[in-house]
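What the sequence shown shows, in the UniProt record's numbering, is residues 1 to 661, in sequence order.
First up is the structure itself, then whatever we jot down about it.
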Amino acid sequence: MEEDASPHSPPHGDSAAARSSESRCTTPSLSGSSASPEPLTTPTRTVNGPDVPPHAIVRLIQCSRCSLPFRTPLRLPCGDTLCRECLPPIRPRTGVSYPANEERKQGFKCYWGRGICGADHCLGDCGADVLLTTLVGVFDEVLGQSSSPGRAAAEEDAGQTLIWKKTLSDKAEPNVERAGIGSDPLSGVFDLARKGRLGYDASEIRYEPFVSSYYERYSHSLEKLRAAVRNELDCHVCYSLILDPLTTPCGHTFCGSCVAMALSHSNLCPVCRRKLNMSSSVRSERINKRLSDIIQTLLPEEVAARRADLPPDMDVSGEGTIPLAVVSLAFPTMPIGLHIFEPRYRLMIQRIMESRSRRFGMVMPNRRGRLQQGLGRAPFMQYGTILTINRHELLPDGRSLLIATGTSRFKVISWELVDGYHIGKVQRVDDVSVSEEEAQESRETTAAIEAANPNADRSVDTMSTQQLFQLALDFVLRERRQGAPWLHPRVLLAYGALPTDPALFPWWFATILPNWDEEKYTLLATTAVRQRLKITARWVKRLESRNWYVAHRPGGVVTSITPFPMSVSISFGPGGTISHLGDPGLVTTDGTESYISQTLVLGLFLAIFVTQMAANVVQAVRARRQTRLDGNAPTQPRPEPAGVPTETQGEIEGREQGPNP
Numbered sequence: 001m002e003e004d005a006s007p008h009s010p011p012h013g014d015s016a017a018a019r020s021s022e023s024r025c026t027t028p029s030l031s032g033s034s035a036s037p038e039p040l041t042t043p044t045r046t047v048n049g050p051d052v053p054p055h056a057i058v059r060l061i062q063c064s065r066c067s068l069p070f071r072t073p074l075r076l077p078c079g080d081t082l083c084r085e086c087l088p089p090i091r092p093r094t095g096v097s098y099p100a101n102e103e104r105k106q107g108f109k110c111y112w113g114r115g116i117c118g119a120d121h122c123l124g125d126c127g128a129d130v131l132l133t134t135l136v137g138v139f140d141e142v143l144g145q146s147s148s149p150g151r152a153a154a155e156e157d158a159g160q161t162l163i164w165k166k167t168l169s170d171k172a173e174p175n176v177e178r179a180g181i182g183s184d185p186l187s188g189v190f191d192l193a194r195k196g197r198l199g200y201d202a203s204e205i206r207y208e209p210f211v212s213s214y215y216e217r218y219s220h221s222l223e224k225l226r227a228a229v230r231n232e233l234d235c236h237v238c239y240s241l242i243l244d245p246l247t248t249p250c251g252h253t254f255c256g257s258c259v260a261m262a263l264s265h266s267n268l269c270p271v272c273r274r275k276l277n278m279s280s281s282v283r284s285e286r287i288n289k290r291l292s293d294i295i296q297t298l299l300p301e302e303v304a305a306r307r308a309d310l311p312p313d314m315d316v317s318g319e320g321t322i323p324l325a326v327v328s329l330a331f332p333t334m335p336i337g338l339h340i341f342e343p344r345y346r347l348m349i350q351r352i353m354e355s356r357s358r359r360f361g362m363v364m365p366n367r368r369g370r371l372q373q374g375l376g377r378a379p380f381m382q383y384g385t386i387l388t389i390n391r392h393e394l395l396p397d398g399r400s401l402l403i404a405t406g407t408s409r410f411k412v413i414s415w416e417l418v419d420g421y422h423i424g425k426v427q428r429v430d431d432v433s434v435s436e437e438e439a440q441e442s443r444e445t446t447a448a449i450e451a452a453n454p455n456a457d458r459s460v461d462t463m464s465t466q467q468l469f470q471l472a473l474d475f476v477l478r479e480r481r482q483g484a485p486w487l488h489p490r491v492l493l494a495y496g497a498l499p500t501d502p503a504l505f506p507w508w509f510a511t512i513l514p515n516w517d518e519e520k521y522t523l524l525a526t527t528a529v530r531q532r533l534k535i536t537a538r539w540v541k542r543l544e545s546r547n548w549y550v551a552h553r554p555g556g557v558v559t560s561i562t563p564f565p566m567s568v569s570i571s572f573g574p575g576g577t578i579s580h581l582g583d584p585g586l587v588t589t590d591g592t593e594s595y596i597s598q599t600l601v602l603g604l605f606l607a608i609f610v611t612q613m614a615a616n617v618v619q620a621v622r623a624r625r626q627t628r629l630d631g632n633a634p635t636q637p638r639p640e641p642a643g644v645p646t647e648t649q650g651e652i653e654g655r656e657q658g659p660n661p
């Protein structure tokens, strides 16, 4: 019997080669039972046939819970896949208010809790896997025809027998099972899986007897299956073999780099145009493990060639080089108008307009000369916004006017001067996934409820995300009713109406709010909508409290009154901007600012006013007294100027008597 074995036959189950082959054809994503298979490595192909046993091919489309081929497969956020009927019990989610969609109010705890996942998944993130559903149909079409009941019954006596151990429970000893699979091992094993006889957790699988002709049919069936599957694995963005498959919540699958490229232009699915709640860098998203296993197992050579042909700059690393304009502060999704007149920026904009992307980075000047990690005392702040030029108008004298819109944020890693302007190597800054956003809100709100500390700042840190958004929203509506100048209709016409999306509101609010740039700058480094809403909520509360703050600096004194009543900022020192929205709980901030109560400041101004009024009264009394003294003094004859003739007494008397008749 040993001599009859051919290179086309799979290794014997009891041999070391069989265990090695079986271990190469299973993955953690294909596990879920007590018999956990080992990780998958890329299968190899010998000269005479494949080095992948039939049960490893069939296991690619088996559900780890019911052991049947997938029925309406759902891709989970952790990258695993289950049938819709095999999902864990659904329960309402608590402590989550953003995003406030109906589909995100239900969830479940993942089955894979033994150090692999075990996380709480939202039902809205578990979309039907369209591509995997198609591939299961391809398996059934290619392998199901050759495993028809009549043909299988006719070949059962002359065909092979599959022997395996079936695990009944964690403590029970596994039972030895056997079944005939006919003369085509691949079709026979698929038929067993379709009938539910071959469990996903089957172990110690072996095929008897070993006949060379059987595995010639196996090779033929595998090649036919490989060709049929390949026709379904083209990405709808790059039209090449899907690499690092990433399945969106709507169920469509693309290359990971293609999803990142699509999200950099729009947050809609390239196929169905549904809104995607995904990070634009997709680095926090898990790849589809089942699809990745299918591609790696059936098309290893093409995957290797695809990776070899991939340019290095196509790697989704989030890093790149971009020109920097050290001008002002800009935010994503918000427009900004610029007047370009400096020669260095004229050259920079000219080169940008000649480029394909028409993008550049906007960073705020480092007015205080702060020491920043990795940059030292660079002349600009480390975080900025990438702007895309929408409109450019060149003036006759070389100056230009342009309108640009913020698209994303970045962090400057290094920089250099080129022809007078700055060029920076930047790293993209993206928000965490929606699932992590919800988990963060749930942790904070749940901890607040458990602590039940009345002294805690429940107004900000322990509020839900929706409450933080509503707090700032109510403030804006109230200020607009009171006629605040920063909410003038012309301002809203330029920057848009009040956003109803909590993800867009902080950028809009920071753009139009008359606040110091140093306060607004903190938004650029955040990675969650909740973090930004907490910052804006603190702004609102401090503006409503009408507190007065003083910042100490050596030098002169500069006082600035904000547009809000009863608010003042006093800076001692030359130039620079200071924040008048410090933490009221702190006496000093950043070593240069201190807090003064409103009563003390009002008393100071009242004392100045009283002193000025007293000075005015004293001056008025003195003036009146001087007038009175001047009126009581005797009148002295005014001396005549020298050289002016005077009248004689006779001339005076003659003039008084009149002319002689």
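Glycine residues also receive a C-beta, built at the ideal position from the N, C-alpha and C atoms.
As the structure is a computational prediction, the values presented were derived from the model and not from experiment.
Starting from G394 and walking both ways along the beta strand (DSSP E), at which residues does that stretch end? Looking at the sequence itself, residue 394 is Leu, so the reference to Gly does not match. Annotation for L394: the continuous beta strand (DSSP E) segment containing it runs F380 to L394.
By how many angstroms is the C-alpha of T526 removed from the C-alpha of W507? 12 Å
**Report entry** Sequence-distant residues of the same chain with beta carbon closer than 6 Å to R391, five excluded per side
**Finding:** I403
* Pair every Cβ in the segment 385 to 400 with every Cβ in the segment 350 to 364, then say whether three or more of these pairs are closer than 8 Å. => yes
Would you kindly check if the distance between the Cβ of T536 and the Cβ of A472 is under 7 Å? Taking 7 Å as the Cβ cut-off, A472 and T536 qualify as a contacting pair.
6 Å CB neighbourhood of I294 in its chain, flanking five on each side removed: L60
query = What residues are listed by DSSP as bridge partners for N175?
reply = As DSSP reads the structure, N175 sits in a beta bridge with K166.
**Message:** With three or more beta-carbon pairs closer than 8 Å as the criterion, would you say the segment 414 to 434 touches the segment 331 to 341?
**Reply:** no
Notebook entry, point to check: From what residue to what residue does the alpha helix (DSSP H) around F475 run?
Noted result: T465 to R481
- Span of the beta strand (DSSP E), counted from its first residue to its last, around A404: Start and end: S400 to V418.
Query raised in the report: For the 8 Å Cβ check, are there 3 or more pairs between the segment 90 to 108 and the segment 286 to 303?
Result: The segment 90 to 108, when compared against the segment 286 to 303, does not touch it at the 8 Å Cβ threshold.
Through-space distance from T511 to S97, alpha-carbon basis: 25 Å
Through-space distance from E518 to G582, alpha-carbon basis
Residue confidence for G582 is low, a pLDDT of 35 falling below 50, so the modelled location carries little weight; the figure read from the coordinates is stated next. One C-alpha to the other measures close to 11 Å.
Whose C-alpha, out of S266, L263 and L243, is nearest the C-alpha of C255? The alpha carbon of C255 has as its nearest neighbour, out of S266, L263 and L243, the alpha carbon of L243.
Taking the alpha carbon of P499 as the point to measure from, which residue in G95, R542 and F509 has its own alpha carbon closest? The shortest C-alpha separation from P499 is found at F509.
| query | With a cut-off of 8 Å, do at least 3 Cβ pairs link the segment 119 to 134 to the segment 171 to 189? | reply | no
Using DSSP's beta-bridge definition, name the partner residues of P92. Q106
What residue range does the beta strand (DSSP E) around M334 cover? No beta strand (DSSP E) contains M334, which DSSP labels as neither H nor E.
Exercise for the section: Confirm, please, whether the CB-CB distance from Y214 to S183 is below 7 Å. Expected result: yes
Apart from the five residues just before and just after R538, which ones in its own chain have a Cβ nearer than 7 Å to its Cβ? V460
Which whole-angstrom value describes the C-beta separation of P249 and L268, a residue pair presumed to lie in contact below a C-beta threshold of 8 Å? A Cβ-Cβ distance of about 12 Å is found for the pair P249 and L268, leaving them out of contact under the 8 Å criterion.
| 7 Å Cβ shell around L504 - same chain, five flanking residues per side excluded | T333
Open item on the list: I need the straight-line Cα distance from L600 to V476, nearest angstrom please.
Closed with: Across the structure, L600 and V476 are spaced so that their CA atoms are roughly 29 Å apart.
Within the same chain, show all residues whose beta-carbon is closer than 6 Å to that of L524, passing over the 5 residues directly before and after it, in chain order.
Y383 and R409
Leaving aside the five residues before and after G496 along the sequence, list all residues of the same chain whose C-beta is less than 7 Å from its C-beta, in chain order. These residues qualify, in order along the chain: W508.
| Given that a residue counts as buried once 16 or more other Cβ atoms are within 10 Å of its Cβ, and exposed if not, what is R104? | buried
- Contacting residues, own chain, Cβ-Cβ under 8 Å from S67 (five flanking each side not counted): A193, G196, L198, G199, Y200 and D201
- [ ] Please work out which residues of its chain come closer than 8 Å, Cβ to Cβ, to C83, disregarding the five sequence neighbours upstream and downstream, and give them in chain order.
- [x] Around C83: C63, R65, C66, L68, F70, R71, T72, P73 and L74.
*asked:* For P270, tell me which candidate among R480, H252 and A228 has the shortest Cα-Cα distance.
replied: H252
Subject >> Through-space distance from S257 to D315, alpha-carbon basis >> reply: In this predicted model, D315 has a pLDDT of only 42, less than 50, meaning its place in the structure is not dependable; the value taken from the coordinates is given anyway. D315 and S257: Cα-Cα distance of roughly 7 Å.
_Quick check: what's the CA-CA separation for P514 versus L329?_
13 Å
So what does DSSP say about L371, is it helix, strand or coil? coil
For T247, is the classification buried or exposed, using 16 other Cβ atoms within 10 angstroms of its Cβ as the cut-off for buried?
-> buried
For S414, count the other beta carbons within 10 Å of its own beta carbon; 16 or more makes it buried, fewer makes it exposed. Which is it?
exposed
**OP:** Given a cut-off of 7 Å, decide if A227 and H138 are closer than it, judged by their beta-carbon atoms.
**Re:** For clarity, residue 138 is Val in the given sequence; the question names His instead. No.
Report task. Measuring alpha carbon to alpha carbon, tell me which of A607, F469, L492 and T522 ends up nearest V540. Result -> F469
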